[in-house]
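Numbering (our numbering), first residue to last: 1413 to 1493. Cβ atoms here follow ideal geometry from the backbone N, Cα and C, with glycine treated the same way. Read the structure below first, then the notes.
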C-alpha cells in the first residue's frame, strides 16, 4: 500500500529522446525534494538497504534519492562502452 503523500519516482513510460531525458531529470528532482522533506520531518528512517521507511508503520517509502539520482552524460560515459 502506498501513501499518495509519499514521493514516487517512476520512469517506465519514458524513452530515449531528449525530451524524455528532461522529464526524467524533472521527476528525479521532484522525488529528491519530496524525500528530503520527509527526511527533514523526522517521521522516516533509513533501513540497512538504504530505503526510507515510515517510522510509525514500518512501511517502505522508497530508496534513498542518491541511489536513483539522475546521472550526467559525463558520469554515464565514465561507465565504459
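Look at the alpha carbon of residue 1420 and the alpha carbon of residue 1452, and state the distance between them as a whole number of angstroms. Mapped onto the chain shown, residue 1420 falls at position 8. Mapped onto the chain shown, residue 1452 falls at position 40. Taking the straight line joining both Cα atoms gives about 17 angstroms.
Comparing C-alpha positions only, which one of 1423, 1475 and 1443 sits nearest to residue 1460? Translated into positions along the chain shown, residue 1460 becomes position 48. It is 1475 whose Cα lies nearest to the Cα of residue 1460.
For residue 1392: DSSP bridge partner residues: Since the displayed the chain opens at 1413 and closes at 1493, residue 1392 lies outside it and no answer follows.
Does residue 1456 pass the burial test, meaning 16 or more other C-beta atoms within 10 Å, or should it be called exposed? Residue numbering aside, residue 1456 sits at position 44 when the chain shown is read from its first letter. Buried: at least 16 other Cβ atoms inside 10 Å.
Sorted by chain position, which residues of the same chain lie with C-beta nearer than 8 angstroms to residue 1465's C-beta, five sequence neighbours on each side aside? As a first step, residue 1465 is located in the chain shown; it is residue number 53 there, counting from the start. Here the set comprises 1456, 1457, 1458, 1459, 1471, 1472 and 1473.
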